[in-house]
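Chemist: Could you have a look at this structure, given as C-alpha coordinates, before my questions?
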Amino acid sequence: MYTICKDYRKEIVIEKSRFICTLKKVHSEAEAQEFIKSIKKEFWDATHNCSAYIVDDLAQRSSDDGEPSGTAGIPMLEVLRKNGLTETAAVVTRYFGGIKLGAGGLVRAYSGSVAGAVAECGLAQKILMSRFSFLYDVNNVGRILNVLYQQDLFEIADVVYDLRAKVILKMRDEQKQEAEEWLTEHLNQKIELELEGSEYAEVPVEK
74 MYTICKDYRK
84 EIVIEKSRFI
94 CTLKKVHSEA
104 EAQEFIKSIK
114 KEFWDATHNC
124 SAYIVDDLAQ
134 RSSDDGEPSG
144 TAGIPMLEVL
154 RKNGLTETAA
164 VVTRYFGGIK
174 LGAGGLVRAY
184 SGSVAGAVAE
194 CGLAQKILMS
204 RFSFLYDVNN
214 VGRILNVLYQ
224 QDLFEIADVV
234 YDLRAKVILK
244 MRDEQKQEAE
254 EWLTEHLNQK
264 IELELEGSEY
274 AEVPVEK
(Lines of atoms letter the chains of each structure in order from A and count residues from 1; the text may use other names and numbers.)
(Lines give C-alpha, C1' and ligand atoms only; values in the text may rest on other atoms or scores of the structure.)
Protein backbone atom coordinates (compact mmCIF):
# COMPACT_ATOMS: atom_id res chain seq x y z
CA MET A 1 0.00 0.00 0.00
CA TYR A 2 1.10 3.54 -0.72
CA THR A 3 0.12 7.08 0.14
CA ILE A 4 1.35 10.51 -0.93
CA CYS A 5 4.39 11.89 0.87
CA LYS A 6 2.77 15.27 1.49
CA ASP A 7 -0.13 17.52 0.58
CA TYR A 8 0.50 19.01 -2.84
CA ARG A 9 -0.92 21.34 -5.49
CA LYS A 10 -0.13 21.53 -9.20
CA GLU A 11 -1.70 23.61 -11.98
CA ILE A 12 -1.74 22.92 -15.71
CA VAL A 13 -3.40 24.79 -18.60
CA ILE A 14 -5.09 22.90 -21.45
CA GLU A 15 -6.80 24.81 -24.28
CA LYS A 16 -7.02 27.92 -22.05
CA SER A 17 -8.76 26.00 -19.24
CA ARG A 18 -6.93 25.96 -15.89
CA PHE A 19 -6.81 22.62 -14.08
CA ILE A 20 -5.62 22.89 -10.47
CA CYS A 21 -5.05 19.57 -8.71
CA THR A 22 -4.89 19.59 -4.92
CA LEU A 23 -3.84 16.40 -3.13
CA LYS A 24 -4.29 15.76 0.58
CA LYS A 25 -3.59 12.92 2.99
CA VAL A 26 -6.81 11.87 4.73
CA HIS A 27 -7.48 9.23 7.38
CA SER A 28 -11.27 8.92 7.15
CA GLU A 29 -14.17 9.60 4.79
CA ALA A 30 -15.25 12.50 6.99
CA GLU A 31 -11.81 14.07 6.64
CA ALA A 32 -11.88 13.55 2.86
CA GLN A 33 -15.31 15.16 2.56
CA GLU A 34 -14.26 18.11 4.72
CA PHE A 35 -11.25 18.60 2.47
CA ILE A 36 -13.45 18.62 -0.64
CA LYS A 37 -15.74 21.19 0.99
CA SER A 38 -12.76 23.39 1.85
CA ILE A 39 -11.52 23.34 -1.75
CA LYS A 40 -14.99 24.24 -3.03
CA LYS A 41 -15.02 27.14 -0.59
CA GLU A 42 -11.52 28.25 -1.61
CA PHE A 43 -12.32 28.04 -5.33
CA TRP A 44 -15.96 29.08 -5.04
CA ASP A 45 -15.87 30.83 -8.43
CA ALA A 46 -14.48 27.83 -10.36
CA THR A 47 -16.49 26.12 -13.10
CA HIS A 48 -16.02 22.67 -11.51
CA ASN A 49 -14.38 21.10 -8.46
CA CYS A 50 -14.20 17.42 -9.33
CA SER A 51 -13.02 14.96 -6.69
CA ALA A 52 -11.87 11.43 -5.91
CA TYR A 53 -10.56 9.78 -2.79
CA ILE A 54 -9.47 6.42 -1.46
CA VAL A 55 -9.28 5.99 2.29
CA ASP A 56 -9.12 2.18 2.18
CA ASP A 57 -10.59 -0.72 0.20
CA LEU A 58 -14.13 0.09 1.37
CA ALA A 59 -14.09 3.90 1.29
CA GLN A 60 -13.63 5.06 -2.33
CA ARG A 61 -15.67 7.84 -3.91
CA SER A 62 -15.59 10.22 -6.86
CA SER A 63 -17.62 13.13 -8.23
CA ASP A 64 -17.84 14.75 -11.67
CA ASP A 65 -19.26 17.95 -10.11
CA GLY A 66 -21.20 18.93 -13.23
CA GLU A 67 -18.81 17.65 -15.90
CA PRO A 68 -20.28 15.01 -18.29
CA SER A 69 -20.76 11.71 -16.45
CA GLY A 70 -17.60 9.60 -16.27
CA THR A 71 -15.23 12.24 -17.64
CA ALA A 72 -13.69 13.51 -14.40
CA GLY A 73 -14.24 11.72 -11.08
CA ILE A 74 -13.80 8.13 -12.26
CA PRO A 75 -10.64 8.89 -14.31
CA MET A 76 -9.20 10.67 -11.26
CA LEU A 77 -10.06 7.70 -9.04
CA GLU A 78 -8.41 5.32 -11.51
CA VAL A 79 -5.13 7.24 -11.22
CA LEU A 80 -5.22 6.82 -7.44
CA ARG A 81 -5.96 3.10 -7.86
CA LYS A 82 -3.21 2.54 -10.42
CA ASN A 83 -0.70 4.05 -8.00
CA GLY A 84 -1.94 1.78 -5.20
CA LEU A 85 -2.81 4.80 -3.07
CA THR A 86 -4.76 4.81 0.19
CA GLU A 87 -5.61 7.66 2.56
CA THR A 88 -5.41 10.07 -0.37
CA ALA A 89 -7.91 12.63 -1.68
CA ALA A 90 -7.70 14.65 -4.89
CA VAL A 91 -9.70 17.64 -6.10
CA VAL A 92 -9.20 19.03 -9.59
CA THR A 93 -10.51 22.57 -9.91
CA ARG A 94 -11.34 23.74 -13.43
CA TYR A 95 -11.67 27.28 -14.67
CA PHE A 96 -13.23 26.96 -18.14
CA GLY A 97 -11.23 28.75 -20.84
CA GLY A 98 -13.89 28.85 -23.54
CA ILE A 99 -12.77 25.87 -25.62
CA LYS A 100 -14.65 22.56 -25.23
CA LEU A 101 -12.41 19.54 -24.86
CA GLY A 102 -14.89 16.76 -25.63
CA ALA A 103 -15.32 13.64 -23.50
CA GLY A 104 -11.93 12.14 -24.37
CA GLY A 105 -10.18 15.44 -23.80
CA LEU A 106 -11.80 15.84 -20.39
CA VAL A 107 -10.78 12.34 -19.33
CA ARG A 108 -7.17 13.03 -20.34
CA ALA A 109 -7.17 16.44 -18.66
CA TYR A 110 -8.53 15.28 -15.30
CA SER A 111 -6.54 12.05 -15.13
CA GLY A 112 -3.40 13.80 -16.34
CA SER A 113 -3.80 16.54 -13.77
CA VAL A 114 -3.91 14.02 -10.92
CA ALA A 115 -1.12 11.86 -12.39
CA GLY A 116 1.17 14.86 -12.73
CA ALA A 117 0.56 15.98 -9.15
CA VAL A 118 1.09 12.47 -7.77
CA ALA A 119 4.35 12.08 -9.70
CA GLU A 120 5.71 15.38 -8.39
CA CYS A 121 4.70 15.06 -4.74
CA GLY A 122 6.16 11.58 -4.39
CA LEU A 123 4.88 8.37 -2.81
CA ALA A 124 5.50 6.63 0.48
CA GLN A 125 5.07 2.89 0.99
CA LYS A 126 3.02 1.91 4.03
CA ILE A 127 4.81 -0.91 5.85
CA LEU A 128 3.32 -2.68 8.87
CA MET A 129 5.79 -2.39 11.74
CA SER A 130 5.38 -4.25 15.01
CA ARG A 131 6.73 -3.67 18.50
CA PHE A 132 8.10 -6.75 20.27
CA SER A 133 9.48 -6.94 23.80
CA PHE A 134 11.58 -9.15 26.05
CA LEU A 135 12.50 -8.93 29.72
CA TYR A 136 16.07 -8.67 30.98
CA ASP A 137 17.93 -8.24 34.25
CA VAL A 138 17.61 -4.57 35.14
CA ASN A 139 21.17 -4.40 36.47
CA ASN A 140 22.72 -5.62 33.24
CA VAL A 141 20.45 -4.08 30.62
CA GLY A 142 22.79 -1.15 30.04
CA ARG A 143 25.52 -3.53 28.92
CA ILE A 144 23.33 -5.35 26.40
CA LEU A 145 21.93 -2.11 24.99
CA ASN A 146 25.42 -1.33 23.71
CA VAL A 147 25.29 -4.62 21.82
CA LEU A 148 21.77 -4.01 20.47
CA TYR A 149 22.61 -0.57 19.11
CA GLN A 150 25.34 -2.06 16.91
CA GLN A 151 22.96 -3.96 14.62
CA ASP A 152 20.48 -2.84 11.93
CA LEU A 153 18.01 -5.74 12.03
CA PHE A 154 15.63 -3.91 14.35
CA GLU A 155 15.18 -0.58 16.10
CA ILE A 156 15.19 -0.07 19.86
CA ALA A 157 11.88 1.68 20.49
CA ASP A 158 11.95 1.95 24.30
CA VAL A 159 13.24 0.51 27.55
CA VAL A 160 10.85 0.33 30.54
CA TYR A 161 12.53 -0.08 33.93
CA ASP A 162 10.81 -2.05 36.70
CA LEU A 163 11.84 -5.11 38.70
CA ARG A 164 13.06 -6.29 35.32
CA ALA A 165 13.82 -4.17 32.30
CA LYS A 166 11.43 -4.49 29.37
CA VAL A 167 13.26 -3.86 26.09
CA ILE A 168 10.89 -2.92 23.27
CA LEU A 169 12.06 -3.45 19.69
CA LYS A 170 10.51 -2.29 16.41
CA MET A 171 10.65 -4.36 13.24
CA ARG A 172 8.58 -5.95 10.48
CA ASP A 173 6.59 -9.04 11.48
CA GLU A 174 8.58 -11.33 9.21
CA GLN A 175 11.81 -10.33 11.00
CA LYS A 176 10.68 -11.72 14.37
CA GLN A 177 12.28 -15.16 14.06
CA GLU A 178 15.56 -13.78 12.75
CA ALA A 179 15.60 -11.23 15.58
CA GLU A 180 15.00 -13.93 18.20
CA GLU A 181 17.87 -15.99 16.79
CA TRP A 182 20.17 -12.95 16.73
CA LEU A 183 19.27 -11.99 20.31
CA THR A 184 19.65 -15.55 21.59
CA GLU A 185 23.12 -15.79 20.03
CA HIS A 186 24.41 -12.36 21.10
CA LEU A 187 22.90 -12.28 24.60
CA ASN A 188 23.83 -15.90 25.37
CA GLN A 189 20.36 -16.85 26.54
CA LYS A 190 17.08 -17.95 24.97
CA ILE A 191 15.07 -14.88 23.93
CA GLU A 192 11.41 -15.11 22.94
CA LEU A 193 9.74 -11.89 21.78
CA GLU A 194 6.24 -10.86 22.86
CA LEU A 195 4.06 -8.78 20.55
CA GLU A 196 3.25 -5.34 22.01
CA GLY A 197 1.36 -3.86 19.05
CA SER A 198 1.56 -2.90 15.38
CA GLU A 199 1.21 0.23 13.27
CA TYR A 200 1.95 1.37 9.74
CA ALA A 201 5.10 3.32 9.00
CA GLU A 202 5.54 5.40 5.85
CA VAL A 203 8.77 4.92 3.92
CA PRO A 204 9.38 7.31 0.98
CA VAL A 205 9.78 5.56 -2.36
CA GLU A 206 12.86 6.62 -4.28
CA LYS A 207 12.05 7.87 -7.77
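The sequence shown maps to residues 74 to 280 in this note's numbering.
Yeah, the Cβ is synthetic: ideal placement off N, Cα and C, and Gly gets one too.
Predicted model only: the values in this text are computed from it and were never measured.
Going by DSSP in three states, Gln133 sits in which element: helix, strand or coil?
Modeler: What you label residue 133 is simply residue 60 of the sequence shown in a count that begins at 1. In the structure shown, Gln133 sits in a strand (DSSP, three-state: E or B).
Chemist: Quick one: is Thr76 buried, meaning 16 or more other Cβ sit within 10 Å of its Cβ, or exposed?
Modeler: The residue given as residue 76 occupies position 3 in the sequence shown. Buried, by the Cβ-count rule.
Chemist: Take Val152 and list the residues in its own chain whose beta-carbon comes closer than 7 Å to its own, dropping the five residues that flank it on each side.
Modeler: Within the sequence shown, residue 152 is the residue found at index 79, counting from 1. For Val152, where only same-chain residues beyond five positions count, the Cβ hits under 7 Å are Ser184, Val187, Ala188, Val191.
Chemist: Considering only residues of the stretch 95 to 162, which uninterrupted alpha helix (DSSP H) runs meet the minimum length of 4 residues and lie entirely inside it, listed in chain order?
Modeler: Qualifying alpha helix (DSSP H) stretches, in chain order: 102 to 115, 146 to 155.
Chemist: Suppose you measure from the CA of Tyr209 to the CA of Leu221; what does that come to, to the nearest Å?
Modeler: For the purposes of this step, residue 209 is identified with residue 136 of the sequence shown, where counting begins at 1. For the purposes of this step, residue 221 is identified with residue 148 of the sequence shown, where counting begins at 1. Using only the alpha carbons, I get a separation of about 13 Å.
Chemist: Would you say Ala282 and Leu174 are within 8 Å of each other, going by their C-beta atoms?
Modeler: In this structure the chain extends from 74 to 280, so residue 282 is not present and cannot be described.
Chemist: Please identify the residue among Gly143, Glu84, Val278, Ala103 whose C-alpha is closest to the C-alpha of Thr95.
Modeler: Stepping through the sequence shown from its first residue, residue 95 is reached at position 22. Nearest of Gly143, Glu84, Val278, Ala103 to Thr95, Cα basis: Glu84.
Chemist: Tell me the DSSP bridge mates of Phe227?
Modeler: If you number the sequence shown from 1, residue 227 lands on position 154. Phe227 pairs with nothing; no bridge assigned.
Chemist: In angstroms, rounded to a whole number, what distance separates the CA positions of Asp129 and Glu160?
Modeler: Locating residue 129 in the sequence shown gives position 56, counting from the first residue. Locating residue 160 in the sequence shown gives position 87, counting from the first residue. Their Cα atoms are separated by approximately 7 Å.
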